[in-house]
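The next block holds one structure in the form of structure tokens; read it before the comments.
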Amino acid sequence: MGELLEICVIVPTFNEKDNITDLVQQLLALPIDAHVIIVDDNSPDGTGQIADELAKQYERVQVIHRRGKLGLGTAYIAGFKKGLADGAERLITMDADFSHNPAYIPRLVELADFYHITIGSRYIPQGGVVNWGLQRRFLSWGANLFARTVLGLKANDCTAGFRCYHREVLLNIELNQIFSNGYSFLVEMIFKCQRLGFTVGEIPIIFANRERGQSKISHREIYKAMYTVMRLAVERLKPKPHVKISQLPHRSQSV
Ligand SMILES: Nc1nc2c(ncn2[C@@H]2O[C@H](COP(=O)(O)OP(=O)(O)OP(=O)(O)O)[C@@H](O)[C@H]2O)c(=O)[nH]1
Ligand SMILES: [Mg+2]
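When the count follows my numbering, it moves up by one through the sequence shown with no breaks and lands on 533 for the last residue.
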């Protein structure tokens, strides 16, 4: 891990008042010098105000306020743009609800020396999910298998939001042209990364169900995600875009 590497963690929030303070404190306490960008969509529960207080208190915390619930995908993009403008070399995305344990971040960043994108994966050996009902497990597993098969994705967990991107990846992806916004944004991103030739590595994570606050996933999201996969399947038939990307040291196995 480079000493002077600028790392930023992007945390989209909508109604996460019970989680955000603890999360930020845990992120700041990590043994890496991470900056935090919270992207709040005018949460009715006041998460945005709490985030402002945190930003006042801690120099490494910044907040982007948007006018309302504009979706997870555009929240990530707003965070990416800010992180890139601030010079971040590694841009991490994670949920605010502790499903993504901040303790995994140093390993995600370490593995990023070898891969352009690293993912905290539930679907590799030693990875997994706790406290999910059978239905939710099946849904996630099925969605992932569907996306991987139809799109030929190499990553084992294509719907995971716990990722670390190299700056170069985000500079080469036309962020404004990403069509999907909700959860299917994650599939579209990994599809575009793979098409451009960026490499993907995974570390196993145990994904914990949220303990505090409410889930925002809806049935509509599931249909939208299926539509996204079919749309990308058509895009897959078109010629691949070509970009020159940097070669990283080779590593044949995930750690
Ligand atoms: N800014 C912003 N954040 C969002 C939006 N939708 C979800 N989020 C955040 O994105 C992260 C993931 O959302 P969750 O509701 O946890 O979705 P999930 O993890 O798929 O589902 P559960 O864990 O069951 O709640 C959380 O940090 C949410 O607060 C949105 O429209 N805008
Ligand atoms: Mg969650």
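Cβ coordinates follow ideal geometry from the N, Cα and C atoms, glycine included.
Under the three-state DSSP convention, the category residue i falls into
| i | result |
| --- | --- |
| S532 | Any answer about S532 is weak, because its pLDDT of 47 lies below 50 and its placement is not dependable; what the coordinates show is given next. The answer is coil: DSSP assigns S532 none of H, G, I, E or B. |
| G418 | Per the sequence presented here, residue 418 reads as Ser, with Gly not at that position. S418 falls in the helix class under three-state DSSP. |
| S462 | helix |
| T352 | helix |
| A366 | coil |
| I325 | For clarity, residue 325 is Thr in the given sequence; the question names Ile instead. It is helical. |
| P309 | coil |
| Q303 | helix |
| G361 | helix |
| G381 | Sequence check: residue 381 is Ala here, not Gly. Looking at A381 - three-state DSSP - the assignment turns out to be helix. |
| E480 | strand |
| R441 | strand |
| C436 | coil |
| A537 | In the structure displayed, the chain extends from 279 to 533; residue 537 sits before or after that span and is not available. |
| D319 | coil |
| I523 | coil |
| F534 | Examination of residue 534 is not possible in this model, given that the chain is present from 279 through 533 alone. |
| G280 | Its pLDDT being 41, under 50, G280 is placed unreliably in this model, and the value from its coordinates should be taken loosely. Coil at G280, not helix or strand. |
| I397 | strand |
| L386 | helix |
| I451 | coil |
| I402 | coil |
| K502 | helix |
| K334 | helix |
| L431 | coil |
| R426 | helix |
| I495 | coil |
| F457 | coil |
| R490 | coil |
| R345 | coil |
Environment of residue i [buried if 16+ CB atoms lie within 10 Å]
| i | result |
| --- | --- |
| M279 | The predicted position of M279 is uncertain, since its pLDDT is 42 and thus under 50; a value taken from the coordinates is nonetheless stated next. M279 is exposed by the Cβ-count criterion. |
| G346 | exposed |
| M508 | exposed |
| T353 | Note on residue identity: the sequence assigns Ala, not Thr, to residue 353. By the 10 Å Cβ count, A353 comes out buried. |
| L295 | One point to set straight first is that residue 295 is Lys, not Leu, in the sequence displayed. Buried, because 16 or more other Cβ atoms sit within 10 Å of the Cβ of K295. |
| T477 | buried |
| T427 | exposed |
| D364 | exposed |
| H520 | exposed |
| N454 | exposed |
| G324 | exposed |
| K516 | exposed |
| V512 | exposed |
| K432 | exposed |
| D300 | exposed |
| K518 | exposed |
| Q340 | buried |
| G430 | exposed |
| S399 | buried |
| S524 | exposed |
| Q413 | exposed |
Residues bridged to residue i (per DSSP)
| i | result |
| --- | --- |
| D391 | DSSP, once it has assigned bridges, lists no residue as partnering D391. |
| P517 | Answer is none; P517 lacks a bridge partner. |
| V407 | F485 |
| V314 | V287 and V339 |
Proximity test, Cβ basis, 8 Å: residue i and chain C
| i | result |
| --- | --- |
| E452 | Absence of chain C from the displayed structure is noted, only one protein chain being present. |
Just checking, does the region 308 to 324 make contact with the region 390 to 402 on the three C-beta pairs under 8 Å criterion?
By the Cβ test, the region 308 to 324 is not in contact with the region 390 to 402, since fewer than three Cβ pairs between them sit closer than 8 Å.
Is the region 397 to 413 touching the region 479 to 489, taking contact as three or more C-beta pairs under 8 Å?
Because the criterion of three Cβ pairs below 8 Å is met, the region 397 to 413 and the region 479 to 489 touch.
Can you list the residues near ligand 2, meaning Cβ strictly closer than 7 Å to any non-hydrogen atom, in the order they appear in the chain?
Any residue whose Cβ sits closer than 7 Å to a heavy atom of ligand 2 makes the list: D373, D375, S377, R488 and S493.
Examine the Cβ distances between the region 290 to 305 and the region 489 to 500 and report whether three or more of them are shorter than 8 Å.
Yes, they touch.
Are at least three pairs of beta-carbons, each pair with one atom in the region 434 to 451 and one in the region 375 to 392, less than 8 Å apart?
Between the region 434 to 451 and the region 375 to 392, the count of Cβ pairs shorter than 8 Å is three or higher; the stretches touch.
Within the chosen definition, does the region 323 to 338 reach the region 358 to 373 through at least 3 CB pairs nearer than 8 Å?
Because the criterion of three Cβ pairs below 8 Å is not met, the region 323 to 338 and the region 358 to 373 do not touch.
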